[in-house]
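Asker: The numbering used here applies: residue 516 is where the sequence shown begins, and numbers increase by one. Note that beta-carbon positions come from the ideal geometry of N, C-alpha and C, so glycine has one too.
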Amino acid sequence: MQTHNTDEKDPIDIWLDTTPENKLELIEGQLIISTLKGSRRMLWYLLQDYGPDMFLPMAQKELWLNAVIQAFNPSPVPQTYSEWTEWADKTEWNDEPEPAGPYSSAEHRRIHTLLFHALLRFTRMNPQGEMLGRDFVIRLGENGFTPDLIFINRNRMKNLHSYYLDGPPDLAVEITLGESADTDRHLKRRYYEQAGIPEYWLIESDPFHATFLNMGTDGIWHEASPDSQGIYHSPAAEGLALSVPHLRTMSYLDKEEWHLPFLPVDYRSSEPLPKVKDDPDYPGWDSLPFIPRAELQPVPIRFEEYISWCPRAKFEHDGMGTIIDSHEGTRRVSGMLLMTFGITETVRLLHPREWVTFLNKEHYQPIVQKYADDLLKHAKYEKREDYSIGSLPQMPEISAFGKTMKECRQDMAEIVRVRILLKIARREKLPTV
Numbered sequence: 516m517q518t519h520n521t522d523e524k525d526p527i528d529i530w531l532d533t534t535p536e537n538k539l540e541l542i543e544g545q546l547i548i549s550t551l552k553g554s555r556r557m558l559w560y561l562l563q564d565y566g567p568d569m570f571l572p573m574a575q576k577e578l579w580l581n582a583v584i585q586a587f588n589p590s591p592v593p594q595t596y597s598e599w600t601e602w603a604d605k606t607e608w609n610d611e612p613e614p615a616g617p618y619s620s621a622e623h624r625r626i627h628t629l630l631f632h633a634l635l636r637f638t639r640m641n642p643q644g645e646m647l648g649r650d651f652v653i654r655l656g657e658n659g660f661t662p663d664l665i666f667i668n669r670n671r672m673k674n675l676h677s678y679y680l681d682g683p684p685d686l687a688v689e690i691t692l693g694e695s696a697d698t699d700r701h702l703k704r705r706y707y708e709q710a711g712i713p714e715y716w717l718i719e720s721d722p723f724h725a726t727f728l729n730m731g732t733d734g735i736w737h738e739a740s741p742d743s744q745g746i747y748h749s750p751a752a753e754g755l756a757l758s759v760p761h762l763r764t765m766s767y768l769d770k771e772e773w774h775l776p777f778l779p780v781d782y783r784s785s786e787p788l789p790k791v792k793d794d795p796d797y798p799g800w801d802s803l804p805f806i807p808r809a810e811l812q813p814v815p816i817r818f819e820e821y822i823s824w825c826p827r828a829k830f831e832h833d834g835m836g837t838i839i840d841s842h843e844g845t846r847r848v849s850g851m852l853l854m855t856f857g858i859t860e861t862v863r864l865l866h867p868r869e870w871v872t873f874l875n876k877e878h879y880q881p882i883v884q885k886y887a888d889d890l891l892k893h894a895k896y897e898k899r900e901d902y903s904i905g906s907l908p909q910m911p912e913i914s915a916f917g918k919t920m921k922e923c924r925q926d927m928a929e930i931v932r933v934r935i936l937l938k939i940a941r942r943e944k945l946p947t948v
């Protein structure tokens, strides 16, 4: 396994400096983690931290071997395991992606915390709509965006589902951070405007600058300015007024005026906000089984797959590896990144020695095979031809048919877990039987 270049710096500090902002969005069929470069960096980290074992069950062994040949172009192509290992040992490799950080910044956190609590207070005191944070998805066509903040007027709440808003909100707020600023300024601005979002706040965190865009009758955004006192009056909700000077300078630790930068407004409504109803006809978390459609080349991710598989964008490091919300969430992000870049491009991010070793681990294959056989032997099947979770590498004859989606996912998770445990055992030179 390749080790991170620490340069005598704490590995966690390096991770924080080079890991992209914690956003997981579906843009043009790709899983975008702040930027496409951020997605590549995260894929590299997951490969470094978990190795091929995290990824191998997501495609057939033949695809992985073909990807190794396409990625590294051995000439002539090795025919035996010893030839493969000899070739891999002689192959030079260095394909670490560019850093994609920073993960966060003090100024970004300050602005986000201020706006989040202030807008939350505004909506609670003035129930004209709902405010949602950055983990909530807005569906614009086949894209899934997660703005830092959104406001949904009560008239649009009929489009609000448990896991996403189907269509534009009344207000979208993005707070720039590092390289994601270009995405917020250009790509998202274009998609948000085309979708007809009435209002967009683009808050530059470093250096501070606030841009307010309102949709005109011509269907085009026009920049709006604060008044002479620095107060911006938003058309998204009655009385929603933002004090730009407060937002620029105020600390969210100021307990006396934590509700600012929004100005108080006297609004009363006797009608409660509409409640969100769970609708089984709409996709949601876990509504589809996790079966990534990985091929040699990139495969577009469908919105239904994204909303069903994508975990909360909570990036952590436990000292052993990167975790995205949970270990299951990490695995699902790995699969969507595999679809985003394709197997061939994924293979390029590790030394070929890693792939050759993991694709030829005959010394532990019987153990994994037996464990998988035991899982399937005790499972109850209805019709074996009804449903398959797909062929697993090194064990293509094993498929689970006729099982519930939950059972299939549990089996897959158990097989992956055993593989990882075996990997740890080999590293620590512990007995594997």
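Could you compute how far the alpha carbon of residue 810 sits from the alpha carbon of residue 613?
Answerer: Rounded to the nearest angstrom, the two C-alpha atoms are 25 Å apart.
Asker: Do you know how far the Cα of residue 804 is from the Cα of residue 819?
Answerer: 11 Å
Asker: Give me the Cβ distance between residue 644 and residue 685, rounded to the nearest whole Å; I'm assuming they're in contact under 8 Å.
Answerer: Contact check for residue 644 and residue 685: beta-carbon distance about 7 Å, within the 8 Å limit, so the pair qualifies.
Asker: Roughly how many whole angstroms lie between the Cα atoms of residue 647 and residue 666?
Answerer: 7 Å
Asker: I'd like to confirm the pairing. Which residues does DSSP put opposite residue 652 in its beta bridges?
Answerer: 679
Asker: Taking residue 873 and residue 567 to be in contact with their CB atoms under 8 Å, please state how far apart those CB atoms are, rounded to whole angstroms.
Answerer: 4 Å
Asker: Could you have a look at residue 706 and say whether DSSP puts it in helix, strand or coil?
Answerer: helix
Asker: At 4 residues or longer, and completely inside the stretch 803-847: list those alpha helix (DSSP H) runs for me, N to C.
Answerer: 818-824
Asker: Spell out the partners DSSP gives residue 737 in its beta bridges.
Answerer: 729
Asker: How far does the beta strand (DSSP E) with residue 720 in it reach, from first residue to last?
Answerer: 714-720
Asker: Select from 585, 650 and 763 the residue whose C-alpha is nearest the C-alpha of residue 549.
Answerer: The residue with the shortest Cα to Cα distance from residue 549 is 650.
Asker: Considering only the alpha carbon of each residue, which of 577, 654, 668 and 762 lies closest to residue 641?
Answerer: 668
Asker: Between the stretch 711-727 and the stretch 683-703, can you find at least three pairs of beta-carbon atoms closer than 8 Å?
Answerer: These segments touch.
Asker: Could you tell me whether the stretch 527-540 touches the stretch 579-592, using the rule of 3 or more Cβ pairs below 8 Å?
Answerer: no
Asker: Measuring CA to CA, which of 533, 538, 551 and 534 is closest to residue 853?
Answerer: 551
Asker: Kindly give me the distance between the Cβ atoms of residue 652 and residue 870, rounded to whole angstroms, as I take these residues to be in contact under 8 Å.
Answerer: Not really, about 34 Å apart at Cβ, beyond 8 Å.
Asker: Use the C-beta contact count for residue 605: other C-beta atoms within 10 angstroms, 16 or more gives buried, fewer gives exposed.
Answerer: With fewer than 16 Cβ atoms within 10 Å of its Cβ, residue 605 is classed as exposed.
Asker: Would you mind reading off the limits of the alpha helix (DSSP H) that contains residue 527?
Answerer: 526-533
Asker: I need the straight-line Cα distance from residue 576 to residue 621, nearest angstrom please.
Answerer: 45 Å
Asker: How many Å lie between residue 629 and residue 557 at the Cα?
Answerer: 29 Å
Asker: Considering Cα atoms alone, identify which of 749, 832 and 732 is closest to residue 739.
Answerer: 749
Asker: Taking the straight line between their C-alpha atoms, what separation do you get for residue 623 and residue 617?
Answerer: One C-alpha to the other measures close to 11 Å.
Asker: My output table needs one value for residue 866: the three-state DSSP class, helix, strand or coil.
Answerer: Residue 866: coil per DSSP, three-state reduction.
Asker: Taking Cβ positions, are residue 836 and residue 565 nearer each other than 8 Å?
Answerer: yes
Asker: What are the boundary residues of the beta strand (DSSP E) that includes residue 686?
Answerer: 686-690
Asker: Since I believe residue 661 is in contact with residue 828 (beta carbons under 8 Å), could you give me their beta-carbon distance rounded to a whole number of angstroms?
Answerer: 7 Å
Asker: Suppose contacts are defined by Cβ-Cβ distances below 8 Å. Is residue 659 in contact with residue 838 by that definition?
Answerer: In this structure, residue 659 sits away from residue 838, with a CB-CB distance that is not shorter than 8 Å.
Asker: Roughly how many whole angstroms lie between the Cα atoms of residue 729 and residue 701?
Answerer: 16 Å
Asker: In chain order, what residues of the same chain lie with their CB nearer than 6 Å to the CB of residue 825, ignoring the 5 residues before and after it?
Answerer: 539
Asker: Thinking just about the alpha-carbon of each residue, which of 678, 864, 806 and 758 is nearest to the one in residue 800?
Answerer: 678
Asker: My understanding is that residue 608 touches residue 867, with C-beta atoms under 8 Å, so please give their C-beta distance in whole angstroms.
Answerer: 7 Å
Asker: Out of 573, 625 and 840, which has the shortest C-alpha to C-alpha gap to residue 763?
Answerer: 625
Asker: Where does the unbroken beta strand (DSSP E) through residue 658 begin, and where does it stop?
Answerer: 658-660
Asker: Which partner residues of residue 545 appear in the DSSP bridge assignment?
Answerer: Bridge partners of residue 545: 542.
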